[in-house]
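**Q**
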Amino acid sequence: MVSFNPSKLFSDRKIKEECSKRWCVLESGFLSYYENEKMATPSGTLDIGEVICLVIHKSEDALPMGAMFTFEIYLLSERAFLFGAETAPCQRKWTQAISKHFVPEFARGLQERETDVIGQLFYKDCQDLDTWKKGWFALEKTSLYFCLELENLQENSMYLRRLQELTISSCVQNGEKTDVLLLVEKGRTLYIRGHTKLDFTVWYSAIEKAAGTNGNLLEDQQLSRNDVPIIINSCIAFVTQYDTLDDKDRVRKYSTFIRTLPPVNKATLAALMEHLYRSFMQILKSTDIILRYPTANLPPCRCSSTEDYMISVVVSQLQLANN
């Protein structure tokens, strides 16, 4: 199955609806697709040597011919293809065979991983901010692995959930404005950019999702060096600095604030509090946050339970957001 569109990502439902069944053959570095297995002339051919990015989806996707395990191929010519396999093992065989034809030998370790995205990007770091070099990158769950040219070809990695910074800027390259992604983790700084606007968008979306910067659930948020969601540190810091230590004053303060809200906002706050309460309790049970912070400067806890205390922390953060 194949569909291509040079200007849109395959998350567009209309593009997926255009997919049709094809007979595919990978031979001598070329991927050809036919109307059926009896046809002698292919409907089209891809030069695998032109592949710059391969995206592999681990869950089934709905296509016109049924649920499929899909993967995407992005070419230097700014063409993009979507393929679907009937089973996960079949998908893996195809993606491994394809990656062997465009991932160089020195980066073969990347291909052996259970990657979500793999391909080539331009990069530069603090050792030389004036020169863009080529590197091979692979995203596996929440880690970004890479082999950088001119760096002894050793495999490096960044744990994206601990990124201290993830921002987009721009630079002028060959007379054209190009997007650049900055990643900072534990003092290491890495700039990356794509070959085309399309493959950069693919990488940025995948890295942002893996880093947890756009997640709605607490467990999807970025982590501190102690593997605790950063928002919890923010809540604790806020309460420590600004909140009243007297329980009665705290309740009176929150009650006054809630009474000033319009009915719609009160309903929204109630739903949000229930969601945050459940999320915090899940995190507390799974990470034992109190034990992780034996020396933290927590405000005196005079609440009847840890649950009540954490709720007060959340409400304080909500107040800060609404000021």
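If you use UniProt numbering, the sequence shown corresponds to residues 1 to 323, in order. We put the beta carbon where it would ideally sit given N, CA and C, even for glycine. Remember, predicted model here, so these are calculated numbers, not experimental data.
Answer with buried or exposed for V180, where buried requires no fewer than 16 other C-beta atoms within 10 angstroms of its C-beta.
**A** When all chains shown are included, V180 counts as buried.
**Q** How far does the alpha helix (DSSP H) with K100 in it extend, from its first residue to its last?
**A** Here the alpha helix (DSSP H) through K100 covers 88-102.
**Q** Quick check on the burial criterion: 16 or more other C-beta atoms within 10 angstroms. Buried or exposed for A107?
**A** By the 10 Å Cβ count, A107 comes out buried.
**Q** How many whole angstroms separate the CB atoms of G84 and T70, which I take to be in contact at a CB cut-off of 8 Å?
**A** The pair is a contact, with the Cβ atoms about 5 Å apart (cut-off 8 Å).
**Q** Rounded to a whole number of angstroms, what is the C-alpha to C-alpha distance between A296 and T178?
**A** With a pLDDT of only 40 at A296, under 50, the local geometry of the prediction cannot be trusted, and no value is derived from it.
**Q** Below 8 Å on the Cβ atoms is my guess for V51 versus L75; work out the distance and round it to an integer in Å.
**A** Their Cβ separation, rounded to whole angstroms, is 6 Å, which keeps V51 and L75 in contact under 8 Å.
**Q** Shortest alpha-carbon distance to E72 belongs to which of T45, G119, L82, Y123?
**A** For the residues T45, G119, L82, Y123, the minimum Cα distance to E72 belongs to L82.
**Q** Rounded to the nearest angstrom, what separates C24 and R188 at their Cα positions?
**A** Going from the Cα of C24 to the Cα of R188 covers about 43 Å.
**Q** Note down the Cα distance separating S170 from I258, rounded to an integer number of angstroms.
**A** Each residue's alpha carbon lies about 43 Å from the other.
**Q** Please return the same chain residues whose Cβ sits closer than 6 Å to the Cβ of A267, not counting the five positions on each side in sequence.
**A** For A267, where only same-chain residues beyond five positions count, there are no Cβ hits under 6 Å.
**Q** Can you give the Cα-Cα distance for L182 and S99, rounded to whole angstroms?
**A** For L182 and S99, the distance between alpha carbons rounds to 26 Å.
**Q** What residues are listed by DSSP as bridge partners for M158?
**A** Paired residues: L144.
**Q** Can you grab the Cα-Cα spacing for the pair residue 332 / D199, in whole Å?
**A** Within the shown structure, residues of the chain are numbered from 1 to 323, placing residue 332 beyond reach of any answer.
**Q** What span of residues does the alpha helix (DSSP H) with T167 cover, start to end?
**A** No alpha helix (DSSP H) contains T167, which is instead part of the beta strand (DSSP E) from 165-173.
**Q** In terms of residue numbering, what span does the beta strand (DSSP E) encompassing W23 cover?
**A** Counting along the chain, the beta strand (DSSP E) containing W23 begins and ends at 23-27.
**Q** To which residues does DSSP link E80 through a beta bridge?
**A** Note on identity: in this sequence residue 80 is Ala, with Glu being the wrong assignment. DSSP, once it has assigned bridges, lists Y74 as partnering A80.
**Q** Under 8 Å by Cβ, that's how I've got L148 and K133 pegged, so tell me the actual separation to the nearest angstrom.
**A** Right, the Cβ-Cβ distance comes to about 7 Å (below 8 Å), so this counts as a contact.
**Q** Helix, strand or coil: how does DSSP classify residue 330 here?
**A** Outside the shown range of the chain, which is 1 to 323, sits residue 330, and nothing can be said about it.
**Q** With A206 and V117 assumed to form a contact (beta carbons below 8 Å), what rounded beta-carbon distance in angstroms separates them?
**A** The pair is a contact, with the Cβ atoms about 5 Å apart (cut-off 8 Å).
**Q** Can you grab the Cα-Cα spacing for the pair P294 / L26, in whole Å?
**A** Bear in mind that a pLDDT of 39 at P294, under 50, signals an unreliable position, so the model cannot answer this.
**Q** Please classify T256 as buried or exposed, where buried requires at least 16 neighbouring CB atoms within 10 angstroms.
**A** Exposed, because fewer than 16 other Cβ atoms sit within 10 Å of the Cβ of T256.
**Q** According to DSSP, is T256 helix, strand or coil?
**A** Helix, per DSSP.
**Q** List the DSSP bridge partners of K177.
**A** Its beta-bridge partners are V172.
**Q** Return helix, strand or coil for S205, following the three-state DSSP convention.
**A** Helix.
**Q** At what residues does the beta strand (DSSP E) containing G44 begin and finish?
**A** From DSSP, the beta strand (DSSP E) with G44 extends over 44-47.
**Q** Going along the chain, which residues of its own chain have a beta-carbon closer than 8 Å to the beta-carbon of Y204, five neighbours each way excluded?
**A** Hits under 8 Å: I168, D179, L181.
**Q** Looking at the structure shown, is A40 part of a helix, part of a strand, or coil, going by DSSP?
**A** Reduced to three states, the DSSP call for A40 is coil.
**Q** Opposite M68 in the DSSP bridges: which residues?
**A** DSSP output for M68 lists D61 as bridge partner(s).
**Q** Starting from L153, follow the beta strand (DSSP E) in both directions and report where the run begins and ends.
**A** It is not in any beta strand (DSSP E) - L153 carries neither H nor E in the DSSP assignment.
**Q** Using the Cα positions of K248 and M273, report the straight-line distance between them to the nearest angstrom.
**A** Cα-Cα distance, rounded: 20 Å.
**Q** Less than 8 Å between the beta carbons of E112 and E140, yes or no?
**A** No, Cβ-Cβ distance for E112 and E140 is not below 8 Å.
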